[in-house]
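S.K.: Using my numbering, read the sequence shown as starting at 11 and increasing by one per residue.
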Amino acid sequence: MFVVALGTGCASDAPKHWKQLEQCLIGEPLAADENVFVRLRGIQLAESLDATGGPQDWPARCAQHATQLHASLSDDGKAGMIKRALAEQLGCEGACAFPQASHPLPAADKLWEAVARAELSQVEAPNTQKPKPPAKSLTAGEWQPITSGKLLDQKWSAQGDLWLLVEADSRMSWCAVKGTSAKCEEIKGAPKFHADAPRGFARDSSQPILVGGVFSETSGLSRAGFALKQHAPAAVFGEPGQEAFQGFGFAQKQAATEEPSPDVPPPAPQFELARVVGGKPEAKASLELSARVRGPEVVDDWFVYVDRDADQKTVFRAKRLAQSGGLLSADSIEHPGEFPGPFHVCRSNPGAAIGSYVEPVRQLGKPASGKAQIGVVLLEGKAWHAPVMHEIPSQVGQFSDWRCGAGWGGISWLEQQNQQLTVTELVCKHSGCKAGKVTWTQPDLKNALALGYTHERAVLVYESSAGDVRTRIAKLDELPTTQSRLAFESEEFGGLGAGRPRLVEGDQTYVVLDESGLRLLLADGNGDTTPVKH
């Protein structure tokens, strides 16, 4: 029997070392129709998912077998093809080493084809640690957009549906999302809105009313509504972003003034409040402020705003809105306090929480620097509590939305330093604010992308070192040890790329991506994300 030696050692060395390398890299041999590049990517995703922050030694632990295989091969013939395929990807000058790349073997097909052509003999090899079974993340083909275009506005309905307003190629559509199902349709018959006027949903949550600006030669630029289910015009009342179709609305009266002058203070703002029924004001009242400092807002049955008192100090005021008869009831609340930024309003059942702060600067990968004030006012029962103040970082990686529950309001933020993450939860009650914090090392972390909540569990969205996007969903103290989940694959491997996902939170929480069509993932309290289908 004539035997061809494949390397400088004995004839059996190369088959043995190949068997060890194959077991270490992919575990069981490939099926007849299986692609090794895809198998390795799946193993890379599975191996890099780690709950405790421990070290990941795959594929590095396989390098010794690649080095032994490379040394056992000759430079010529079919053995030389294997040797060159190894050296091209792993270096192998002295020792082979896997590169820090998005894929452990970018030309894996070439290596496996060279081995197949060499027809290495089947040998028994020492048992080698096998990798984890391959995992699979969501690809673009499996996560189809529910509609094309950019997200303009969103609103939660009284029934818990999510309404989305979308624009693509100067045409608008709207979608109703419930769970993992969405129904979208193009908006036809709406008035031609002015290009520079904001568009969005009216405050009413009983039915979707589209609001935008229209121009008339007689009345100038004004706001107009359109009922999306009835495909018919709908009158609205109020300022941009505060228009009401049902309930209470307000609008600032425009006072005729001369050209502004630094020597003449602007006139005090005057507001017209109205109880709106079917888009038409049923009862009206006027209110004059000393200065429009913060707000105003309609929060439940209250008209809330920050004014100045006789000493020119800021004061929080709330006036109860009557459900019948006159518009303003006798109930009125006043609290002095500092309000360092616009109102961020969260409504709980019952109650509400107002956070007053300037939107923090978001710079990923940089530690928090500086401090900023936040003022918090809480509605419990029929009482608005006096404001409480607290300091928060003025610059962090990501802030969550303002959120609340019965008797509290708060915000969370995260700080990223390399692969270390810190999440801080601030909870403010009428007695003061307290912060909880966790810090851990996330070995698969590249960039933190978003922070939010679902069912009182934090939702962290991040881009991994492998290029895909992942989520980690848990209560604060469980975040460091909770298993991350695959959300969607990177563009390089058939996905969409990290992009700039955002979180839309309400009765349910969605991860939203709208850079190449509008796509949503439902994030549930169990840690899973499920694509929304049209």
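Positions of the beta carbon are idealized from the N, C-alpha and C atoms, including for glycine.
Bear in mind the structure is a predicted one, so any value in this text is a computation, not a measurement.
Assuming contact is defined by CB atoms lying nearer than 8 Å, are Pro397 and Gly385 in contact in what I supplied?
M.R.: Taking the sequence shown and counting its residues from 1, one reaches residue 397 at position 387. Taking the sequence shown and counting its residues from 1, one reaches residue 385 at position 375. For Pro397 and Gly385, yes; Cβs fall inside 8 Å.
S.K.: How about His75 and Gln30: are their beta carbons less than 8 Å apart?
M.R.: Numbered from its first residue, the sequence shown carries residue 75 at position 65. Numbered from its first residue, the sequence shown carries residue 30 at position 20. Result yes, Cβ atoms of His75 and Gln30 sit closer than 8 Å.
S.K.: Please classify Ser300 as buried or exposed, where buried requires at least 16 other C-beta atoms within 10 Å of its C-beta.
M.R.: As a first step, residue 300 is located in the sequence shown; it is residue number 290 there, counting from the start. The residue in question, Ser300, is exposed, as its Cβ has fewer than 16 Cβ neighbours within 10 Å.
S.K.: What residue does the beta strand (DSSP E) around Gly365 start on, and which one ends it?
M.R.: Taking the first residue of the sequence shown as 1, we reach residue 365 at position 355. Here the beta strand (DSSP E) through Gly365 covers 362-366.
S.K.: Under the three-state reduction of DSSP, which class applies to Arg482: helix, strand or coil?
M.R.: Mapped onto the sequence shown, residue 482 falls at position 472. Residue state, collapsed to three classes: strand.
S.K.: For Ser183 versus Glu196, is the C-beta spacing smaller than 8 Å?
M.R.: Numbered from 1 along the sequence shown, position 173 holds the residue referred to as residue 183. Numbered from 1 along the sequence shown, position 186 holds the residue referred to as residue 196. In this structure, Glu196 lies closer than 8 Å to Ser183 by Cβ.
S.K.: Give the single residue among Arg285, Val387, Trp312, Pro346 whose Cα lies nearest to the Cα of Lys323.
M.R.: Against the sequence shown, residue 323 aligns to sequence position 313. For the residues Arg285, Val387, Trp312, Pro346, the minimum Cα distance to Lys323 belongs to Pro346.
S.K.: Pick helix, strand or coil for Trp122, following the three-state DSSP scheme.
M.R.: Mapped onto the sequence shown, residue 122 falls at position 112. Here Trp122 sits in helix by DSSP.
S.K.: Between the C-alpha atoms of His544 and Ser526, what's the straight-line distance to the nearest angstrom?
M.R.: The sequence position of residue 544 within the sequence shown is 534, counting from 1. The sequence position of residue 526 within the sequence shown is 516, counting from 1. Between His544 and Ser526, the C-alpha separation is close to 16 Å.
S.K.: Can you tell which of Pro370, Ala362, Ile343 has its C-alpha closest to the C-alpha of Pro350?
M.R.: For this step, residue 350 is matched to residue 340 along the sequence shown. Of Pro370, Ala362, Ile343, the residue nearest in Cα terms is Pro370.
S.K.: How many angstroms separate the CA atom of Pro511 from the CA atom of Leu161?
M.R.: Stepping through the sequence shown from its first residue, residue 511 is reached at position 501. Stepping through the sequence shown from its first residue, residue 161 is reached at position 151. Taking the straight line from one Cα to the other gives about 12 Å.
S.K.: Taking the beta strand (DSSP E) that Cys438 belongs to, which residues open and close that run?
M.R.: Taking the sequence shown and counting its residues from 1, the one referred to as residue 438 is at position 428. Residues 430-439.
S.K.: Just how far apart, CA to CA, sit Lys392 and Asp317?
M.R.: On the sequence shown, position 382 is the one that residue 392 refers to. On the sequence shown, position 307 is the one that residue 317 refers to. Between Lys392 and Asp317, the C-alpha separation is close to 21 Å.
S.K.: If contact is defined by three or more beta carbon pairs under 8 Å, each pair taking one atom from either stretch, is the segment 492-501 in contact with the segment 148-158?
M.R.: Yes, since at least three Cβ pairs between the segment 148-158 and the segment 492-501 fall closer than 8 Å, the two stretches touch.
S.K.: Taking Val246 as the reference, which of Val314, Arg529, Asp273, Glu292 has the closest Cα?
M.R.: Counting from 1 along the sequence shown, the entry for residue 246 is found at position 236. Minimum Cα distance to Val246 is reached at Glu292.
S.K.: Among Glu348, Lys294, Ala320, which residue has its Cα nearest to the Cα of Leu337?
M.R.: In the sequence shown, the residue the question calls residue 337 occupies position 327. Closest by alpha carbon: Lys294.
S.K.: Any idea what DSSP makes of His75, helix, strand or coil?
M.R.: Residue 75 sits at position 65 when you count from the first residue of the sequence shown. Helix.
S.K.: Check for me: the alpha helix (DSSP H) holding Ala380 runs from which residue to which?
M.R.: Taking the first residue of the sequence shown as position 1, residue 380 is located at position 370. According to the sequence displayed, residue 380 carries Gly and not Ala. Counting along the chain, Gly380 falls outside any alpha helix (DSSP H), and DSSP gives it neither H nor E.
S.K.: Taking a contact to mean a Cβ-Cβ separation below 8 Å, would you say Leu100 touches Lys93 in this structure?
M.R.: For this step, residue 100 is matched to residue 90 along the sequence shown. For this step, residue 93 is matched to residue 83 along the sequence shown. Cβ atoms of Leu100 and Lys93: not closer than 8 Å.
S.K.: Take the Cβ of Lys447 as the centre, count every other Cβ of all protein chains shown within 10 Å, and call the residue buried at 16 or more, exposed below.
M.R.: Position 437 of the sequence shown, counted from the start, is the residue given in the question as residue 447. Lys447 comes out exposed.
S.K.: Out of curiosity, what's the CA-to-CA distance linking Gly365 and Glu466?
M.R.: The residue given as residue 365 occupies position 355 in the sequence shown. The residue given as residue 466 occupies position 456 in the sequence shown. For Gly365 and Glu466, the distance between alpha carbons rounds to 18 Å.
S.K.: Could you check what DSSP says for Gln33 in three-state terms: helix, strand or coil?
M.R.: Locating residue 33 in the sequence shown gives position 23, where the first residue counts as 1. Helix at Gln33.
S.K.: When the distance is taken between beta carbons, is Thr228 closer than 8 Å to Cys194?
M.R.: In the sequence shown, the residue the question calls residue 194 occupies position 184. In the sequence shown, the residue the question calls residue 228 occupies position 218. No, the pair does not count as a contact, with Cβ atoms beyond the cut-off.
S.K.: Please state whether DSSP places Ala301 in a helix, a strand or coil.
M.R.: To locate residue 301, count along the sequence shown from 1; it is residue 291. If DSSP states are grouped into helix, strand and coil, Ala301 belongs with coil.
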